[in-house]
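Counting along the sequence shown from 1, when you hit position 210 you're at 210 in UniProt numbering, and nothing is skipped either side.
Even for Gly, the Cβ is constructed at its ideal location relative to N, Cα and C.
Being a predicted model, the structure only gives us computed values, none of them experimental.
Report on one structure; see the data block that follows.
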Amino acid sequence: MTKPKLSAAAEPLVLGIESSCDETGIGIVRGTRLLTNTVSSSMEEHVRFGGVIPEIASRAHLDAMIPALEAALADAHVTLDDIDAIAVTAGPGLAGALMVGVSAAKALATATGKPLYGINHLVAHVGVGLLDDNGTEDGSALLEHARDGGLGALLVSGGHTEILQVRDITQDVRLLGATLDDAAGEAYDKVARLLGLDYPGGPAIDRAARTGNAKAFVFPRGLSNRKFMGTAEAPGAHRYNFSFSGLKTAVARVIEGFEARGEEVPVADIAASFQEAVVDVITKKAVLACREQGLHTLLLGGGVAANSRLRELLSARCASAGVRLIIPKFTLCTDNGAMVAALGARLVEAGYEPSGVDFTTDSSLPVTTVCF
1 MTKPKLSAAA EPLVLGIESS CDETGIGIVR GTRLLTNTVS SSMEEHVRFG GVIPEIASRA
61 HLDAMIPALE AALADAHVTL DDIDAIAVTA GPGLAGALMV GVSAAKALAT ATGKPLYGIN
121 HLVAHVGVGL LDDNGTEDGS ALLEHARDGG LGALLVSGGH TEILQVRDIT QDVRLLGATL
181 DDAAGEAYDK VARLLGLDYP GGPAIDRAAR TGNAKAFVFP RGLSNRKFMG TAEAPGAHRY
241 NFSFSGLKTA VARVIEGFEA RGEEVPVADI AASFQEAVVD VITKKAVLAC REQGLHTLLL
301 GGGVAANSRL RELLSARCAS AGVRLIIPKF TLCTDNGAMV AALGARLVEA GYEPSGVDFT
361 TDSSLPVTTV CF
C-alpha cells in the first residue's frame with residue numbers, strides 16, 4: 001500500500017505501544033537506536049487456564065499501560081514533549097487487547113498533538129531487525145537486503161506462522177505462506193496440555209524434548225506431500241503454507257493409545273518427535289521459499305524463535321542453502337514496543353503521512369497493510 005508522503009524527518013524520536021496479546025510493551029527509539037524496551041506481561045495470570053484469556057489480557061493492559069509508559073520515559077530520559085511521533089499496533093491481534101493500546105495511543109496523540117501511526121504487528125516484527133542494537137548486526141545492513149527484494153522473514157509465534165518477502169518495509173510486504181489453522185505456538189500449547197506439561201507449551205516441550213528420542217514416533221508433516229506442494233515449475237496452492245491441526249490430532253491418538261493400554265506415556269519421546277515434526281516442516285518450507293523467491297537473507301521472529309531445535313535446524317538448513325539467517329536477541333523476538341517504535345521511525349523517516357486518530361483496530365489486519 002502506498003501512502004502519501006510528507007517531508008522526511010531524520011532520526012525521529014518515536015514512542016511505540018504494543019498490546020496485541022498478553023504483553024504491554026512500550027518502546028522508544030531515536031532513528032535506529034533503541035533507547036528503551038519496557039514490557040509488562042500478564043502471562044502468569046493465564047497459566048491456570050492453559051492459554052491466553054482475552055478479557056484478562058485486556059484488563060491487564062489497562063492496569064499496566066500508564067506504569068509501563070512512565071517507566072519507559074524515565075528509562076529513556078525523555079518526556080512526552082520530546083517525542084516526535086507515536087506508533088501503535090492496530091492489528092492483527094486480540095480485539096479487546098488491541099483497543100486498549102490504540103485508545104491509549106489516540107489519547108496521547110490528542111493530548112500532545114503528536115502525529116500517530118497505526119501499524120501492522122507482523123511487519124513490526126521485521127522492523128525490529130532494522131535497529132542497530134538488535135543483537136545481530138547493524139540495522140542498515142538488513143535494510144540493504146530488502147532493497148533488492150532479497151529479504152525474507154519467518155514469523156513463528158502463538159498466533160502466527162508466516163513467511164514474508166520484504167521489498168520495502170514501509171509499503172511493500174508480500175505474504176508467501178501462512179498457517180491454515182493452528183499457529184506453531186498454539187500447537188505447542190495444546191500438545192503440552194495433552195502431555196501434562198506447563199503453560200506456555202513452547203518452553204515446556206523444548207525442555208522435555210532434550211531427553212527424548214525425536215525418531216521414536218513418525219508424526220505427520222502437514223501440507224508437505226506433492227498434492228499440496230506441487231513442483232517448482234507448477235507450484236501447489238499450499239507450497240509455502242502450514243497446517244498443524246492434523247499433527248496435534250496424531251499426538252492425541254498416540255497418547256490415548258498408551259493410556260488405554262495402561263502404559264506410561266513416554267512424554268520426552270513424544271515431545272521430541274512432535275517438536276521435530278513442527279520444526280522440520282517450518283524450516284523446510286521457509287528455506288524452500290528463500291531459494292525459489294530469491295531471498296538471500298532470512299529474519300526469524302516471534303516467541304517461538306526461542307526454541308532451541310528451531311534455531312538449530314533453521315541455522316543448518318539456511319547455511320546449506322546459502323541463506324543468511326538473522327535472529328534478533330530474544331527480548332526483541334517476542335511482542336514488544338521497541339519493534340512498533342522501530343517501524344514507526346521508518347515511516348516518519350520516509351515521510352509517510354500519519355494515520356490520524358480515526359482509524360480502527362483490525363484483529364485480522366493483512367500483512368500487506370503496513371500502516372493505516
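Status (buried if at least 16 other CB within 10 Å, exposed otherwise) for residue i
i              : result
alanine 60     : buried
residue 419    : No answer is possible for residue 419: the residues shown for the chain start at 1 and end at 372.
tyrosine 199   : buried
asparagine 225 : exposed
proline 366    : exposed
lysine 106     : buried
lysine 227     : exposed
methionine 1   : Note on methionine 1: pLDDT 48, under 50, position unreliable in the model; the coordinate value appears next. Burial call: exposed.
alanine 111    : exposed
threonine 211  : exposed
valine 29      : buried
alanine 204    : buried
alanine 109    : buried
Under 7 Å between C-beta atoms of residue i and residue j
i             : j              : result
alanine 68    : threonine 24   : yes
tyrosine 240  : alanine 305    : no
arginine 33   : aspartate 168  : no
glutamate 277 : leucine 247    : For the record, residue 277 in the displayed sequence is alanine; it is not glutamate. Going by C-beta atoms, alanine 277 is nearer than 7 Å to leucine 247.
leucine 175   : isoleucine 255 : no
aspartate 269 : asparagine 213 : yes
threonine 38  : alanine 87     : no
proline 220   : alanine 192    : no
serine 273    : alanine 216    : yes
glycine 101   : isoleucine 17  : yes
glycine 51    : aspartate 181  : no
aspartate 82  : leucine 13     : yes
residue 429   : leucine 154    : The structure shown does not extend to residue 429, since the chain is modelled only from 1 through 372, so no value can be given for it.
glycine 150   : threonine 297  : yes
glycine 152   : leucine 295    : yes
glycine 27    : alanine 338    : yes
valine 348    : alanine 76     : no
glycine 31    : serine 355     : no
Inter-residue Cα distance where the pair is residue i and residue j
i              : j                 : result
alanine 104    : aspartate 22      : 16 Å
alanine 342    : threonine 334     : 14 Å
cysteine 371   : valine 173        : 11 Å
serine 58      : aspartate 358     : 21 Å
serine 308     : glycine 159       : 19 Å
proline 115    : isoleucine 56     : 30 Å
arginine 317   : valine 287        : 7 Å
histidine 46   : threonine 231     : 43 Å
threonine 368  : glutamine 171     : 8 Å
leucine 80     : histidine 125     : 25 Å
leucine 223    : glycine 344       : 36 Å
alanine 64     : glutamine 275     : 34 Å
aspartate 206  : leucine 314       : 15 Å
alanine 122    : alanine 178       : Note that residue 122 corresponds to leucine in the displayed sequence, not to alanine. Each residue's alpha carbon lies about 12 Å from the other.
serine 364     : asparagine 120    : 10 Å
valine 166     : valine 78         : 32 Å
asparagine 336 : glycine 302       : 10 Å
glycine 202    : glycine 196       : 13 Å
alanine 252    : phenylalanine 242 : 19 Å
serine 20      : threonine 360     : 14 Å
glutamate 264  : glycine 135       : 43 Å
leucine 130    : leucine 164       : 16 Å
valine 218     : serine 245        : 15 Å
isoleucine 66  : arginine 261      : 54 Å
methionine 229 : alanine 350       : 38 Å
tyrosine 352   : glycine 257       : 58 Å
serine 41      : alanine 234       : 45 Å
methionine 43  : leucine 73        : 24 Å
glutamate 11   : lysine 284        : 38 Å
glutamate 259  : arginine 346      : 54 Å
Whole-angstrom C-beta distance between residue j and residue i, which should lie under 8 Å
i              : j             : result
leucine 94     : proline 54    : 5 Å
glycine 91     : aspartate 362 : 4 Å
valine 340     : threonine 89  : 6 Å
isoleucine 282 : threonine 161 : 7 Å
Requested in this report: Answer yes if the segment 328 to 343 comes into contact with the segment 175 to 189, meaning at least three C-beta pairs across the two stretches below 8 Å, and no otherwise.
Outcome: In the pairwise beta carbon analysis, the segment 175 to 189 is classified as not touching the segment 328 to 343: fewer than three pairs are separated by under 8 Å.
Query raised in the report: Pairing CB atoms from the segment 289 to 298 with CB atoms from the segment 317 to 326, are three or more of them under 8 Å?
Result: Yes, the segment 289 to 298 is in contact with the segment 317 to 326.
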